[in-house]
Every structure is written in C-alpha cells, then in structure tokens.
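These protein sequences, in sequence, are chains D and L. For what it's worth, this note's numbering labels the leading residue of the first sequence as 473, then goes sequentially. For what it's worth, this note's numbering labels the leading residue of the second sequence as 305, then goes sequentially.
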Amino acid sequence: MKRALVILCLVLCGTADAHVGSPDVFFEGEAGPYRLFVTIRTPQVIPGIATIEIRSEAPDVTGITVVPMRLTGPGSDLPPAAERAERSPTDPKFFTTSLWLMEHGSMQVRIEVTGARGPATLSVPVPAYAQKTLAMPSGLGALLLGLMTLLALAIVAILIGALREAALEPGIAPTRSHRIALAVISAVVIGVIVLGKLWWGAVADDYEQLVMKPWNPPVTVAGCRIHVPVRGALLPDHGHEMHLFLVRMPAMDRLAHLHPTREDGGFGQDLPALPAGHYELFADIVTTTGFPVTGTTTVDLPELHCPGVTGDDTVWADGDALANGARMIWDRPHELRAGVAQALTFRVVEPDGSPSQLEPYMGMAAHAEVIRTDASVFAHLHPNGSVAMPALELASTNTMMPGMKMDMPMPAISATLTFPFGFPRAGDYKVFVQIKRAGTIETASFDAHVID
Amino acid sequence: MNGSTMRIPWYVWVSLASVSCIVAGTYWDISWHMTIGRDSFWTPAHLLIQAGGILAGVSGAVLVFTTTFRKAAPLRPVSIGVWGFRGPFGAFLGAWGAATMVVSAPFDNWWHNAYGLDVKILSPPHAVLTIGILGVAVAGVLLVLATMNRATGAARERLAWVMLVIGGEILTLSMIAILEQTFRSNLHRAEAYRSVAIVAPLMIVTFARVSDQRWAATIIATFYTAFMAAMVWFFPLFHAEPKLGPVYQQITHFIPLEFPLLLIVPAIAIDIVRHRFAAWPRWKLAPVIGAVFVATFLAAEWPFATFMQSEAARNAVFGGDYFAYFMQPDWAIPRHEFFTEHALARGLVEALGIAMVTSWIGLRLGDAMRAVRR
C-alpha cells in the first residue's frame with residue numbers, strides 16, 4: 473500500500489484523484505466470445521468492499537467468478553480464491569458479487585467467465601483509493617459513550633470491591649474505606665479512556681493522510697503558453713502523456729481538448745484562440761502503475777489571439793455543428809438516474825439519415841467528457857467505458873509498454889457510439905462527444921438532467 | 305468440606321476452558337488473517353474467542369446472581385460486594401470482560417466502515433476487545449487463584465497445576481500480542497527485546513511467584529513453547545488458500561504464527577535465581593531477575609534468530625519459510641533478512657531497565673495474588 477502511494481507521490485508529490493467525483497468504474501468489453509458490461513462500485517474506504525455488477529450481452533454465460541489482483545508487478549500473478557457472482561433470479565444475464573479491495577493503488581478485477589462457448593477471461597483495471605472517512609452516527613456515538621461510561625464505572629466498582637474484600641479470609645466483614653484507592657483507580661480509568669481517545673485521533677489522522685485529495689496543479693499561463701507542472705514518468709494514453717481540457721465556466725460554451733508535451737518541470741502547450749473568461753481545467757494523466765489521475769484547477773484567461781489547433785487538439789464553441797449538415801443524436805433513456813450504470817448511446821447521421829462514416833480519433837471511435845455544471849464531476853470516457861487505456865493494456869498484458877501508441881489501425885467504426893457510464897449523482901451535466909470525420913475532429917454537446 | 309478434601313469446583317474448569325478457548329481462538333484468528341484473509345463474525349476462530357467470552361460472562365453472571373440471591377450460597381462467605389451484588393472477584397471481572405467484548409463489536413463494525421478493514425492487530429476497537437479478553441482471562445486466573453489460595457493439600461496441588469497451565473496460556477496470549485514486534489526479521493533489533501521485556505518477565509514472574517512449584521517459571525515457559533511449536537507443526541496440515549487479494553505468496557495450507565521465542569532459557573534462569581535468592585526482598589530480587597532475563601534471553605534468542613533466517617530453518621519443524629499471503633516478495637521477512645537497527649545498545653539498556661521494572665511488578669503482583677481469597 474505504502475509503495476503504491478510512494479509511486480503516486482513521485483509523480484504528483486501530493487494528492488490526486490482518479491477522474492473527479494466519479495470513482496466507480498464502468499467498462500464494456502469482450503471476455504473471449506462474451507461481451508460484458510462491467511460496473512465496479514468502489515468502496516469509500518480501503519480496505520473496503522467493492523460491489524461488482526456484470527451484464528452479459530448473450531444469454532449463454534453460465535457462471536462468473538472474480539478475483540482482485542494488483543495491476544502490475546508482485547501481486548499481479550497469484551490470484552486468491554475466486555468469488556462467485558450470483559446470477560439474478562429475474563435477469564439471467566445479470567450477475568452481481570462483492571469483493572474486498574485491500575490495498576490502495578492500481579488494482580484489477582479479473583473476471584473468469586464460463587459458458588456455452590467455453591471459458592474466457594477479462595481484466596478490468598480499478599484505481600483503488602480511500603475517498604473519505606465516515607463520521608460516527610450520533611445514535612451509535614451516544615450508545616457507545618453510554619456503554620463506555622457504564623463499563624468504566626463498573627470496573628472502578630469491581631476493583632474497589634476487590635481491594636476492600638478480596639484478601640479477607642472467608643466470613644470476615646470489611647472495615648477499611650478505600651477513598652484514596654477510589655481516586656487513584658478512577659484517575660487510571662479516566663487516563664486510559666483519554667489515552668484511547670488520543671490514540672483514536674492519531675489513527676484517524678493517519679488514515680486521513682491516505683484519503684485522496686484533489687490534485688490542483690499550479691498551472692501558469694504566459695501569453696499563449698500554458699504550463700502544467702508534473703514530475704515523474706507517465707504512461708501515454710492514446711499516444712499522449714497528458715490530456716488537458718479547458719471548459720469556460722459557467723456557461724460551458726467553450727471546450728478545448730489539448731495534449732501538452734514534455735518541457736522542463738512538466739508539460740507545456742500553446743493555447744488556441746479562446747475568448748476571455750473563467751476556465752475550469754482538467755488534466756488527465758496515467759502513472760506508470762496504470763493509476764489514472766485527473767488534476768483540476770481554474771484559470772482566468774484574457775481573450776487569446778493565438779494560432780489555431782493542430783494534430784489531435786481541438787476546440788469547440790457553443791453553436792458549432794457537425795460539418796455538411798450531419799447530426800449527432802443521443803438516444804436518451806426515458807430518464808437519467810444517478811448511480812444507474814447504462815450505455816449512453818449516440819448516433820452520427822448524415823442529412824439524409826444514413827450513418828456517417830467515422831474515423832479513429834486517437835485510436836478510438838470517439839471520446840466523451842461528462843462534466844457536471846458545477847465542475848464537481850468530470851469523467852473522460854471511451855466506448856469501452858471509464859477505464860484509462862494504458863491501465864487496460866497493463867491489465868491485459870501485465871507488462872509495461874512505455875511509449876505504446878493507441879492510434880493503431882482499427883476496423884470500420886460504427887456510426888452508433890456507446891459509452892458505458894453511470895452519473896454519480898443528481899444534477900445538471902454537459903456531455904461532450906468528440907469524433908473524427910473526413911480528417912476533422914468534431915464535437916457535439918448535450919445537456920443532461922440527472923435525477924436521484 | 306475442608307480445603308484438603310474439596311472437589312475442584314465447576315467454575316475452575318469453566319475458567320480453564322474459557323481462557324483456553326480465547327488463546328486457541330486468538331492464535332487461529334491471526335493464522336486465519338495470514339492465510340485466508342477474509343473473515344466474518346462467524347469464522348470458527350471468532351466463534352472460539354466468543355465462546356471463551358460467553359463461558360466467562362455466563363458463569364460469572366451465574367456466580368454473581370446465585371451468590372447474591374441465595375442466602376445459603378456456598379460462595380457467599382468468600383464473595384465481594386459490588387453495587388449491592390455479591391460474588392467472587394473473578395466472577396464480576398469475567399462478566400465485565402465479556403460485556404466489554406460485546407461492546408467492542410459495534411465499535412469495530414463502525415471502524416471498518418469509517419476507516420476500512422484494519423490490517424493491524426491493534427486498532428482502537430480491537431484494543432477494547434483485547435481489554436475485554438484480558439478481563440476474561442484475568443477473571444479465570446482469579447477464580448482459580450482464590451479457590452487455590454483457600455485450598456490445602458492435594459486439592460491445592462491440583463489447583464496449582466491448573467494455575468500454571470492458565471499462566472502458560474496467558475503468557476502465550478501476551479506473546480501473541482507482541483507478534484508484530486517479535487517477528488523473526490525484528491529479532492536483531494532492540495524493539496523486539498524491549499517488547500519481550502515488557503511482557504515476559506511480568507507474566508512469568510507473576511505466575512511463578514503465585515505458585516509453590518520450584519520450577520514454576522520453567523513450566524509456564526514450557527507450556528508457551530510447546531503450544532507455539534505444536535501449532536507450527538499442526539496448522540500446516542490443513543488446506544487453506546487466500547480469499548483476499550492481492551496475493552504475494554503462494555499458499556496452500558494454514559500459515560502458523562512464528563516458532564516460539566526461546567523464553568524457556570530465561571525461565572530456567574529465573575527459577576534458579578528465585579530459588580537461590582528466595583529470601584531477598586522484592587527491591588533486591590527484581591533487578592537480578594530482570595538482568596538475568598535480558599542476558600539469558602539475548603544470549604539464546606540472538607543466535608537462534610540467525611538460525612531461523614537460515615536455510616536450515618526452512619522446514620516443517622521450524623517453519624522458516626511460512627509467510628502470510630500479503631507479504632510482498634521484496635519485504636525483509638520473505639527475503640529472510642533482518643530489519644536494520646541504529647540504536648541497539650541504547651535499546652538493549654532500555655530493555656534491561658524495563659525487565660527490572662516488570663520483574664518487580666511481577667513479584668509485587670504475585671504476592672498480591674497469593675493473598676486473594678475471594
């Protein structure tokens with residue numbers, strides 16, 4: 473556990489958070505011939521219990537087991553006894569189970585599937601970290617305080633009774649009072665309770681140090697140049713070590729998706745032309761252990777008259793539409809409920825209603841960013857879910873592949889895009905979906921109202 | 305019935321069973337955590353510990369209620385009064401210990417929710433549980449002790465043996481409590497000797513002082529040695545595998561705790577010193593016992609720890625290659641390395657001072673215990 477934290481600190485020298493306000497893992501992928509939608513609801517404390525929900529696309533899955541392992545290095549090759557997932561009695565394609573996550577850092581849940589088409593395996597990376605500590609409910613606190621007082625009074629009474637009579641021969645009545653002993657024993661008992669409380673506080677403080685805090689990099693902007701300080705080695709994600717998102721708040725009417733490159737002391741990037749305003753920044757990185765981290769901060773920018781974007785960078789402005797009259801349509805469910813894992817489905821269609829032809833954008837069919845309007849939630853999604861791609865590579869190979877490129881040749885991309893995700897809590901969100909068509913990166917935005 | 309012809313009362317056997325359950329359950333529970341990892345309220349090890357608490361709590365309550373409400377209760381003349389109730393000292397303490405164990409359960413449950421499952425033996429709720437267990441164990445001692453102190457002749461001799469067994473069990477429990485400090489990789493560091501100096505002289509000297517046996521300290525240490533060694537040989541016979549991950553060690557059977565420390569050596573020395581200087585007052589005897597304890601223990605354990613890290617100890621007899629599933633390969637313990645120490649001499653001097661103090665406390669406590677009649 474300490475090792476994982478040290479590695480994180482080497483990179484960030486502070487605290488961090490995987491995604492922002494969205495700790496659960498949503499993943500859709502193939503275990504051999506079986507397509508699975510996996511949701512891992514991470515515990516608030518570590519060690520703690522994660523809840524695993526797995527939906528099979530096909531009905532021929534007969535059994536699923538899961539084990540927790542480290543993502544890389546020692547602990548990634550010896551599985552514990554597998555936990556069998558229970559099949560839902562009402563939905564035979566839905567399995568649930570729970571799993572102890574014992575250590576902080578980059579973990580994986582290895583899923584073993586049995587079914588009509590033979591056995592298969594799927595590994596899903598899980599960044600395990602303590603999210604917060606819980607306060608004691610007042611009722612339980614009062615109960616325990618009462619019981620502690622009773623036990624303290626009782627032990628004082630028992631010890632005084634023993635001092636008074638325990639050494640007397642049978643039948644002899646006590647004669648001495650033990651006021652001094654009463655005072656001493658009471659003081660000792662109170663002292664033990666006070667020391668216990670101090671110890672409790674020290675342990676709680678220690679634990680508080682393990683709770684992940686937001687990583688707020690001290691970003692600097694000079695003219696058109698932005699600098700994000702980061703130390704240590706990182707894994708490239710879609711060929712880029714950092715994905716930097718700037719969102720103009722509160723209207724969320726501008727989005728820049730940039731890819732700063734290494735420079736002295738961190739990462740640097742020439743900003744594109746942007747209107748003046750207050751911007752929320754989200755910096756996505758992945759440590760060498762496969763642990764995804766999102767840094768958050770804000771900057772107030774003057775109107776920037778800078779050169780346009782190049783390469784994989786893109787800027788979206790409210791009102792932008794897809795080129796040539798094409799449209800992106802969100803097949804919304806009847807309602808969006810917080811905590812419900814679902815596939816967010818979008819279709820890209822030409823003006824005549826036919827499916828558009830999409831190209832890979834940084835090796836993926838599409839990218840999506842889900843941002844709550846108060847910036848308290850940020851999730852960077854792909855069609856396979858919320859898992860960082862380098863972590864997924866590590867999970868599938870258990871070997872480090874520095875410098876790997878994700879923009880490998882892909883089969884033809886469907887114009888129907890799905891993003892497995894669950895909105896973490898109720899509120900208003902903006903969903904940005906980014907695709908590439910005819911060599912151009914395009915962004916569509918959608919408003920989402922999520923209810924409890 | 306006079307003291308020499310009396311039968312051993314039922315609550316003596318219940319006390320012995322209670323302490324035995326707690327010792328065996330505690331050992332099993334730690335082995336469970338080293339081997340399987342995941343547990344619940346209902347694991348066999350937990351049930352054994354709870355059985356110990358229940359035995360003490362129920363028998364204590366029965367003794368208190370019968371002594372309080374039956375005017376002709378046989379224990380009434382040898383009872384103490386607490387809040388209007390009457391009963392033997394040990395009965396009250398047993399009931400209190402069991403109640404404390406019960407109170408620790410909701411505290412521990414909340415703790416796991418608030419801070420996660422504790423991976424250390426001692427957390428605040430576990431400390432509450434330990435205090436409860438300690439209450440139950442001491443209660444068992446007191447019930448046997450008071451009965452023994454009132455008995456004479458053959459009955460006293462039999463009770464003295466029960467007492468020594470309980471003494472051995474409590475020494476074992478105390479040594480398990482400092483397991484983390486005395487793991488083999490720590491045995492060339494002062495911390496291990498300081499920890500042992502806190503626990504072992506206190507327990508050994510106290511129970512030896514209570515007993516009339518010439519070799520009482522040796523018998524107590526022999527019990528600890530035999531129990532811990534037997535468990536090293538016994539536990540690996542049973543299949544088990546980790547149910548928590550990550551798993552860093554391949555495990556196919558229960559992992560026992562450490563091979564016993566060589567407390568038998570200082571225990572023999574303590575018995576010789578006790579016998580040789582039997583007439584000395586406590587203030588004069590305690591420093592000698594403390595010094596003899598540290599010197600003989602250090603002389604025996606230091607080279608034995610080196611042996612335990614060697615190839616020769618990696619077998620079923622010494623268990624030198626048994627490691628918990630969570631021990632990472634680059635840790636010192638599975639690499640058979642000692643932790644480094646930078647202040648050994650000062651730490652050993654501290655251990656010496658501690659042993660002298662705990663020896664005095666043991667003598668004083670032992671004398672006080674010899675006076676217990678109720």
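Heads up, the beta-carbon is just placed ideally off N, CA and C, and yes, glycines get one too. Only a predicted model underlies this, so the values are computations on that prediction, with no experimental measurement involved.
The three-state secondary structure of residue 681 of chain D, taken from DSSP, is helix. Counting along the chain, no beta strand (DSSP E) covers residue 604 of chain D, and no H or E run does either. Assigned with DSSP and collapsed to three states, residue 517 of chain D falls in coil, not helix or strand. Straight-line measurement puts the Cα of residue 721 of chain D at about 46 Å from the Cα of residue 556 of chain D. The C-beta of residue 849 of chain D has 16 or more other C-beta atoms within 10 Å across all chains shown, which makes the residue buried. For residue 913 of chain D, not one C-beta of chain L is nearer than 8 Å to its own C-beta.
Residue D:903 holds the alpha-carbon nearest to the alpha-carbon of residue 845 of chain D among D:853, D:600, D:903, D:855. Assigned with DSSP and collapsed to three states, residue 608 of chain L falls in helix. Contact annotation: the segment 625 to 644 of chain L does not touch the segment 346 to 360 of chain L, with fewer than three C-beta pairs closer than 8 Å. Counting C-beta pairs closer than 8 Å gives three or more between the segment 383 to 398 of chain L and the segment 629 to 642 of chain D, which meets the contact rule.
Taking all protein chains shown into account, residue 791 of chain D has fewer than 16 neighbouring C-beta atoms within 10 Å of its C-beta and is therefore exposed.
Judged by beta-carbon spacing, residue 571 of chain D lies beyond the 8 Å limit of residue 526 of chain D, meaning their Cβ atoms are not closer than that value.
Judged by DSSP in its simplified three-state form, residue 500 of chain D adopts strand. Its chain contains 796, 797, 798, 828 as the residues whose beta carbon lies nearer than 8 Å to that of residue 822 of chain D, once the 5 sequence neighbours on both sides are disregarded; these appear in chain order.
If the five residues before and after residue 472 of chain L are omitted, its C-beta is found closer than 6 Å to the C-beta atoms of 524, 527, 528, all from its own chain and listed in chain order. Residues of the segment 402 to 417 of chain L with a C-beta less than 7 Å from any C-beta of chain D: 403, 404, 407, 410, 411, 414, 417, listed in chain order. Residue 921 of chain D is bridged by DSSP to D:900.
By the neighbour-count criterion, in which 16 or more other beta carbons inside 10 Å mark a residue as buried, residue 673 of chain D falls on the exposed side.
The way I'd put it, the segment 371 to 378 of chain L doesn't touch the segment 600 to 612 of chain D; fewer than three beta-carbon pairs between them come closer than 8 Å. 668, 671, 672, 675, 676, 679: these are the residues of the segment 664 to 697 of chain D whose beta carbon lies less than 8 Å from some beta carbon of chain L, given in chain order. Contact note: residue 633 of chain D reaches chain L through 384, 385, 386, 393, 396, using a C-beta cutoff of 8 Å and chain order.
Contact annotation: residue 562 of chain L and residue 483 of chain L have beta-carbon atoms nearer than 8 Å. Between residue 657 of chain D and chain L, the shortest Cβ-Cβ separation is not below 8 Å.
Residue 820 of chain D and residue 800 of chain D do touch by the CB rule: their CB atoms are close to 5 Å apart, below 8 Å. The DSSP-derived three-state label of residue 494 of chain D is coil. Nearest C-alpha to residue 602 of chain D among L:427, L:420, L:319: L:420. For residue 767 of chain D, the enclosing beta strand (DSSP E) stretches over residues 764 to 773. Under the DSSP assignment, residue 816 of chain D falls in the beta strand (DSSP E) whose first and last residues are 814 to 821. For a cut-off of 8 Å, the C-beta gap from residue 573 of chain D to residue 600 of chain D is around 4 Å, short enough to register as a contact. DSSP, read as helix, strand or coil, puts residue 589 of chain D in coil.
Annotation for residue 672 of chain L: no residue places its beta carbon closer than 8 Å to its own, counting only its chain and skipping 5 residues before and after. Residue 831 of chain D is bridged by DSSP to D:908.
Residue 592 of chain D is positioned such that its CB atom lies closer than 8 Å to that of residue 504 of chain D. Contact fails between the segment 482 to 502 of chain L and the segment 575 to 585 of chain L, because fewer than three Cβ pairs, one in each stretch, are under 8 Å apart. Between the segment 621 to 629 of chain L and the segment 654 to 661 of chain L, the count of C-beta pairs closer than 8 Å stays below three; the two stretches do not touch. A direct Cα-Cα distance of roughly 13 Å separates residue 568 of chain D from residue 521 of chain D.
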